[in-house]
Amino acid sequence: MADAPEATDIHRTRVENPVVEARGLTMAFGSTVLFRDVTFQVAGGEVFVILGGSGCGKSTLLKLLIGLYRPSEGAIHILGEDMEAAQGAARRQLLSRIGVMWQSGALFGSMTLLENVMLPLEEHTRLPRAAREEVARVKLGLVGLSDAANRLPAEISGGMAKRAGIARAMALDPSVLFLDEPSAGLDPITSAGLDQLIKDLARDLGTTFVVVTHELQSILAIGDRCIMLDKQAKGMIAEGDPRRLRDHATHPTVRAFFRREAA
Ligand SMILES: Nc1ncnc2c1ncn2[C@@H]1O[C@H](COP(=O)(O)OP(=O)(O)O)[C@@H](O)[C@H]1O
Ligand SMILES: [Mg+2]
Numbered sequence: 004m005a006d007a008p009e010a011t012d013i014h015r016t017r018v019e020n021p022v023v024e025a026r027g028l029t030m031a032f033g034s035t036v037l038f039r040d041v042t043f044q045v046a047g048g049e050v051f052v053i054l055g056g057s058g059c060g061k062s063t064l065l066k067l068l069i070g071l072y073r074p075s076e077g078a079i080h081i082l083g084e085d086m087e088a089a090q091g092a093a094r095r096q097l098l099s100r101i102g103v104m105w106q107s108g109a110l111f112g113s114m115t116l117l118e119n120v121m122l123p124l125e126e127h128t129r130l131p132r133a134a135r136e137e138v139a140r141v142k143l144g145l146v147g148l149s150d151a152a153n154r155l156p157a158e159i160s161g162g163m164a165k166r167a168g169i170a171r172a173m174a175l176d177p178s179v180l181f182l183d184e185p186s187a188g189l190d191p192i193t194s195a196g197l198d199q200l201i202k203d204l205a206r207d208l209g210t211t212f213v214v215v216t217h218e219l220q221s222i223l224a225i226g227d228r229c230i231m232l233d234k235q236a237k238g239m240i241a242e243g244d245p246r247r248l249r250d251h252a253t254h255p256t257v258r259a260f261f262r263r264e265a266a
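Number 172 in the numbering used here belongs to position 169 of the sequence shown; there are no gaps in the numbering.
Structure below.
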């Protein structure tokens with residue numbers, strides 16, 4: 004990673020064999036452009052953070068990356084494969100290698116945590132029930148919920164629900180996990196615990212994480228690298244190591260964010 008002197012906060016880190024690659028993404032709804040020319044690469048095993056103020060397009064970018072929306076312009080490669088070109092069985096195969104947890108956690112309320120985690124295995128594998136249950140128990144163990152396997156979502160705390168959501172997203176052993184604001188609505192201590200879990204999973208399993216968040220503490224705790232989107236700029240205003248951005252950013256919005264100042 005050679006560092007040329009730079010006039011912007013976009014460092015354009017080059018990555019060998021990126022696990023996620025966005026090239027020149029533009030997204031518009033009707034005639035309203037949300038962002039333009041979003042370009043970045045995520046390395047294997049990295050915790051990559053997408054940050055930015057409310058309404059700048061973070062969740063939309065996540066939906067593009069997992070193939071839920073199509074970009075107006077640009078290309079997305081996941082695990083080396085072109086999202087647009089992959090169709091039919093190839094697309095299903097590609098999608099089975101990524102896991103997603105949405106902001107709400109979205110567990111099924113009438114099912115136990117174990118049944119929730121078993122669900123993707125039911126949909127995507129031909130494993131017999133006993134094997135599905137075994138895999139689901141292992142995933143719940145990974146997130147520290149072995150003892151809560153038979154509880155319903157209504158019977159657990161918000162932090163536990165997020166952990167269960169992560170366990171379900173990991174059911175199929177994805178190479179990449181996408182998390183949309185995992186710590187939203189959690190108290191700081193529970194949120195720090197979730198950060199630690201993400202770091203442990205990335206380190207121990209080599210899973211790549213793409214995490215949307217706007218919590219500075221989280222970003223500095225878990226982020227190997229980040230990009231910052233901005234509503235006014237309609238695009239990226241920063242890319243790089245969050246600690247370095249905190250210390251050296253020049254863009255006023257980036258500086259304000261990392262130093263907790265009013266812009
Ligand atoms: N399907 C859609 N159709 C039209 N506008 C949308 C759609 N999805 C998101 N938007 C708009 O895009 C903007 C960014 O949304 P979002 O990606 O959810 O932002 P963030 O996650 O950063 O808060 C919002 O103003 C929202 O109204
Ligand atoms: Mg969002």
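Ideal Cβ positions, reconstructed from N, Cα and C, are used throughout, including at glycine. These numbers come from a predicted model, not from an experiment.
What does a CB cutoff of less than 7 Å around Thr63 pick up in its chain, not counting 5 residues either side in sequence? Excluding residues within five positions, the ones whose Cβ falls inside 7 Å are Met30, Leu37, Tyr72.
Using the three-state DSSP reduction, which class does Glu49 fall into: helix, strand or coil? The answer is coil: DSSP assigns Glu49 none of H, G, I, E or B.
In whole angstroms, give me the CA-to-CA distance for Met163 and Ala170. Taking the straight line from one Cα to the other gives about 10 Å.
Quick one: Cα of Ala252 to Cα of Arg258, how far? The straight-line gap separating the alpha-carbon atoms of Ala252 and Arg258 is approximately 5 Å.
Could you check the C-alpha separation between Met104 and His254 for me, to the nearest Å? Going from the Cα of Met104 to the Cα of His254 covers about 31 Å.
Taking the beta carbon of Phe261 as the centre, do at least 16 other beta carbons fall within 10 Å, making it buried, or is it exposed? Answer is buried; the Cβ neighbour count reaches 16.
Can we count Glu19 as close to ligand 2, meaning its CB is less than 7 Å from some heavy atom? In this structure, Glu19 has its beta carbon at no less than 7 Å from each heavy atom of ligand 2.
Residue ranges of each alpha helix (DSSP H) run of no fewer than 4 residues wholly in the region 80-137, ordered along the chain? Counting only runs of 4 or more, we get 91-98, 116-127.
Suppose the cutoff is 7 Å on Cβ atoms and the five residues either side in sequence are ignored; what does the same chain contact list for Ile230 look like? Counting only Cβ-Cβ distances below 7 Å, and skipping sequence neighbours, we find Phe43, Ile53, Met239, Ala241, Glu242.
Is Glu158 helix, strand or coil by DSSP? In the structure shown, Glu158 sits in a helix (DSSP, three-state: H, G or I).
Report the three-state DSSP secondary structure of Arg262 (helix, strand or coil). Of the three classes helix, strand and coil, the one that applies to Arg262 here is coil, per DSSP.
Is it the case that the Cβ atoms of Leu219 and Gly60 are separated by a distance below 8 Å? With respect to the 8 Å criterion, Leu219 and Gly60 are not classified as neighbours on the basis of their beta carbons.
Any chance the CB of Lys142 is under 7 Å from a heavy atom of ligand 2? For Lys142, the distance from the CB to the nearest heavy atom of ligand 2 is not below 7 Å.
Between Ala93 and Leu117, how many whole angstroms is the CB-CB distance? I'm expecting something under 8 Å. 31 Å between Cβ atoms; not a contact.
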